[in-house]
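Comments concern the structure below.
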Amino acid sequence: LHPLAVPRRIIPGCHKRAARPPPRSFPTTPVAWQGRRHRHSWSDFAMAEEEHHDVHFEAADAGASKTFPQQAGTIRKNAYIVIRGRPCKVADVSTSKTGKHGHAKCVFVGIDIFTGKKMEDLTPSSHNCDVPHVTRTDYTLLDVTDDGFVSLMQENGDLKDDLTLPKGTDEAEKLAVQIKADFEAGKELIVSVLSAMGEEAICAVKTSNTN
Numbered sequence: 068l069h070p071l072a073v074p075r076r077i078i079p080g081c082h083k084r085a086a087r088p089p090p091r092s093f094p095t096t097p098v099a100w101q102g103r104r105h106r107h108s109w110s111d112f113a114m115a116e117e118e119h120h121d122v123h124f125e126a127a128d129a130g131a132s133k134t135f136p137q138q139a140g141t142i143r144k145n146a147y148i149v150i151r152g153r154p155c156k157v158a159d160v161s162t163s164k165t166g167k168h169g170h171a172k173c174v175f176v177g178i179d180i181f182t183g184k185k186m187e188d189l190t191p192s193s194h195n196c197d198v199p200h201v202t203r204t205d206y207t208l209l210d211v212t213d214d215g216f217v218s219l220m221q222e223n224g225d226l227k228d229d230l231t232l233p234k235g236t237d238e239a240e241k242l243a244v245q246i247k248a249d250f251e252a253g254k255e256l257i258v259s260v261l262s263a264m265g266e267e268a269i270c271a272v273k274t275s276n277t278n
């Protein structure tokens, strides 16, 4: 020891180095790796993204909207509109003048396309209204049962037998009588089916051109 050196005081337990922790063992099976954060491979990430998109599109298809938005001021007579949750055909529409403290307002008078009930609605012309997706499809009439159910055939040959003769309004009842009478007379008939917001009903009939 050098004569000028200051003796180092040794504190018991401090002159030893701290022992290193044992090396971590990593699982090698894919299932075990799922519990580790930030240790997924790129293929695992891509697979997860693909599964996410599949779920998203399936949900979108399952919950496809039965309506679409349209500005109230652009909706005209004989167009379609949803009033109090029902698909209606606009029988009349009028627009009030713009007030000092508000927007112009549209007053809609609609007829429920399935029940024939008259309904009214008032909305600012600059606001959006719900408009139903309405389709009209022609079918060949194959049969009419005693209890009023009809058997229909699409152009591709598929059968449809979940509809009845029209009913609910005077106009519908007259149409039902006409369809039944013409069918019993042996005429080949084409019926038109109106569909909107999950409901369907026969709305018209005509004689097939093949006659």
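Mapping of the sequence shown onto the working numbering: residues 68 to 278, in sequence order. The C-beta atom is built at its ideal place from N, Cα and C for all residues, glycine as well.
Below 7 angstroms between beta carbons: does that hold for Leu226 and Tyr206? no
Contact belief for Gly183 with Thr236 at Cβ below 8 angstroms, rounded distance in angstroms: 4 angstroms
Nearest neighbour of Lys234, chosen from Cys155, Asp210, Ile180, Pro154 [CA to CA]: Ile180
Just to confirm the assignment, what range does the beta strand (DSSP E) spanning Phe216 have? 216 to 220
With H, G and I counted as helix, E and B as strand and the rest as coil, what does DSSP make of Lys273? strand
Could you compute how far the alpha carbon of Gly215 sits from the alpha carbon of Glu251? For Gly215 and Glu251, the distance between alpha carbons rounds to 13 angstroms.
Neighbour-count burial assignment, Leu208, 16 or more Cβ in a 10 Å radius: Buried, because 16 or more other Cβ atoms sit within 10 Å of the Cβ of Leu208.
CA nearest to the CA of Ser192, picked from Gly140, Glu266, Val272, Ala248: Minimum Cα-Cα distance from Ser192 among the listed residues Gly140, Glu266, Val272, Ala248 corresponds to Gly140.
Can the beta-carbon of Ile150 be found closer than 7 angstroms to that of Asp210? No, the pair does not count as a contact, with Cβ atoms beyond the cut-off.
Considering only the beta carbon of each residue, do Leu256 and Asp249 sit closer than 7 angstroms? Going by C-beta atoms, Leu256 is nearer than 7 angstroms to Asp249.
Less than 7 angstroms between the beta carbons of Cys155 and Thr162, yes or no? no
Cβ neighbours of Val160 in the same chain (closer than 8 angstroms, five flanking residues each side left out): Ile142, Arg143, Lys144, Cys173, Val174, Phe175, Val176
Contact under 7 angstroms by Cβ, Ile148 with Val217: no
Whole angstroms are fine: how far does the CA of His200 sit from the CA of Thr262? It should be pointed out that residue 262 corresponds to Ser in this sequence rather than to Thr. Looking at the two C-alpha atoms, the distance is approximately 8 angstroms.
So, Glu266 versus Val260, is the Cβ gap smaller than 7 angstroms? no
At the level of alpha carbons, what is the spacing between Val258 and Glu222? 12 angstroms
Can you tell me whether DSSP reads Asp249 as helix, strand or coil? helix
For the candidate residues His170, Lys133, Leu230, Lys185, whose alpha-carbon lies nearest to that of Ala158? Lys185
Proximity winner among Gly253, Ile178, Thr190, relative to Lys164 (alpha-carbon distances): Thr190
C-alpha gap between Ala271 and Thr134, whole angstroms: For Ala271 and Thr134, the distance between alpha carbons rounds to 23 angstroms.
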